[in-house]
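Numbering (the working numbering), first residue to last: 336 to 427.
See the structure below:
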């Protein structure tokens, strides 16, 4: 049986990001490839429909800005502005 899946590594254990149909303690062989942010974005982009292209462009712009050194808006500042704009109560 051969299956390709994604997993995260917590420093000791690989944790699959989807269900794996194996009995506990089954030995497996792993081939590990590190997926960069750019690679993950390219893979995600290949799955998009035409209606999602604007989202893709916005994400690409944000990634480009990060590469240029922009660290974005701090969460607290964004949250405050968003809540004011949408007339939501402040976070308690």
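The C-beta atom is built at its ideal place from N, Cα and C for all residues, glycine as well.
About 16 Å separates the beta carbon of residue 339 from that of residue 350, a gap too long to meet the 8 Å contact definition. The continuous alpha helix (DSSP H) containing residue 415 extends over residues 410 to 420. For residue 397, the three-state secondary structure derived from DSSP is helix. Of the residues 347, 413, 421 and 364, the one whose Cα lies closest to the Cα of residue 336 is 364. For residue 341 and residue 419, the gap between their C-alpha atoms comes out near 39 Å.
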